[in-house]
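Peer 1: Under our numbering, the letters of the sequence shown match residues 1 to 283, in that order.
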Amino acid sequence: EEYLGETTKVIDNIVDQAPEGLEILRGTSSYTYNGNWKLQAENGADGYHVSSVHWNYASTMERRNYDAGGTKAVDADGWSKSQGGFYSYANGHMMLWTRLLNPEVRPVYTRKDEIEAELGAARADSIVNQTRNLCLYPNVYLMDQFSTQIRVLRPLSVDKTEVTIYCFAPKGESAENRRVRIRQYEDFFNVSGMGTPDDLEEFRACQDGYNGALAEWNDLSRGAKQWIEGADDNAQAIDMKPLLSGASPEDEGLYVLHHQHWVEEMLRAIDKERSQYIATASA
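#1: What does the Cβ neighbour count give for Asn36, buried or exposed, with the cut at 16 atoms within 10 Å?
#2: Which whole runs of the alpha helix (DSSP H) in the stretch 105–166 are 4 residues long or more, in chain order?
#3: Check whether the stretch 55–69 touches the stretch 230–248, taking contact to mean three or more Cβ pairs, one atom from each stretch, closer than 8 Å.
#4: What do you get for Asp239, buried or exposed, if any count of 16 or more other CB atoms within 10 angstroms of its CB means buried?
#5: Should Gln130 be labelled buried (16 or more other beta-carbon atoms within 10 Å of its own) or exposed?
#6: Answer yes or no: do Arg99 and Gly84 have a C-beta to C-beta separation smaller than 8 Å?
#7: Apply the 10 Å Cβ neighbour rule to Met134 and answer buried if 16 or more other Cβ atoms are within range, or exposed otherwise.
#8: Once the 5 residues before and after Thr110 are set aside, which same chain residues still bring their CB inside 7 Å of it?
#9: Where does the unbroken beta strand (DSSP E) through Leu220 begin, and where does it stop?
#10: Taking DSSP's pairing of strands, which residues face Tyr89 in a bridge?
#11: Decide yes or no for the touch test of the stretch 249–263 against the stretch 38–47: beta carbon pairs closer than 8 Å, at least 3 of them.
#12: Give me, in chain order, the residues of the same chain whose beta-carbon lies closer than 7 Å to that of Asn34; leave out the 5 immediate sequence neighbours on both sides.
#13: When the Cβ atoms of the stretch 181–192 are set against those of the stretch 139–151, are three or more pairs found closer than 8 Å?
#14: Helix, strand or coil: how does DSSP classify Phe189 here?
#15: Under 8 Å by Cβ, that's how I've got Ile171 and Glu23 pegged, so tell me the actual separation to the nearest angstrom.
#16: DSSP three-state call for Ala235: helix, strand or coil?
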């Protein structure tokens, strides 16, 4: 709890959807991409790329024949128009959130009244009507958006990363809710989904771009004028106290403290190695 800090408020909003607890569903997937692990760490909380990189997914879902029984999907086409933002926490944790345009398509919506009666209107609104992509530094994501997923990153080398993904769900949920959850998961995630392959291609292209030696810096200042020190109104509603809040899901401020923590960890590791070397050399 000391390490997770204020992110426990978000974790509670995921866990409290399930009165009987959560379970990992059978059928995990693992895949690799040719890029640094930090590309996936950034991507999981990036709202800027959704409407462009995942245009194929959004367009397909918009044109799906729902009258013929097609599984309804979270509205990704209007992502950039939805209310949302980001939160940065201590220890490099960060989260992207948006307000759902069609919350009724998600399985948790069927428990809306029960959740409100148990947890109050403010938390119920956050749980049922918002998405959340939570990065637990350095390499775990809790996703509660197009579907529900745990994502684990494992660096294999400086330019190759393994990703393992798990679908999670409330124990004892109805057969219909379970069916919808899995179908929504399959639509977007997995290497056969309509979202994951787009991201992997972007990682490869970004890694190639980072080999460029002339551009010394990668600008991450989008939306800087509307970053908020501390909690915004949305965070205050659930008594959450982030270090930094963002007013738009397409802003990049969440990466500032995220990468600052990485720098601090690297410097700490260098100091540790140097002290060990000095101690060995002096012996």
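Idealized CB from N, CA, C, for every residue including glycine. Values in this document were obtained by computation on a predicted structure and should not be read as measured data.
Peer 2: Taking the structure as given:
#1: buried
#2: 112–119 and 121–129
#3: Contact between the stretch 55–69 and the stretch 230–248 is absent, because fewer than three Cβ pairs lie under 8 Å.
#4: exposed
#5: buried
#6: yes
#7: One detail in the question is off: residue 134 reads as Leu in this sequence, not Met. Per the 10 Å Cβ criterion, buried.
#8: Excluding sequence neighbours, Thr110 sits near Asn177.
#9: Where Leu220 is concerned, there is no enclosing beta strand (DSSP E), given that its DSSP letter is neither H nor E.
#10: Paired residues: none, contrary to the question.
#11: yes
#12: Within the same chain, and ignoring the five residues on either side of Asn34 in sequence, the residues whose Cβ sits closer than 7 Å to its Cβ are Asp159, Lys160, Arg204 and Gln207.
#13: Contact between the stretch 181–192 and the stretch 139–151 is present, with at least three C-beta pairs closer than 8 Å.
#14: coil
#15: Note that residue 171 is Lys in the sequence shown, not Ile. Right, their Cβ atoms sit about 5 Å apart.
#16: helix
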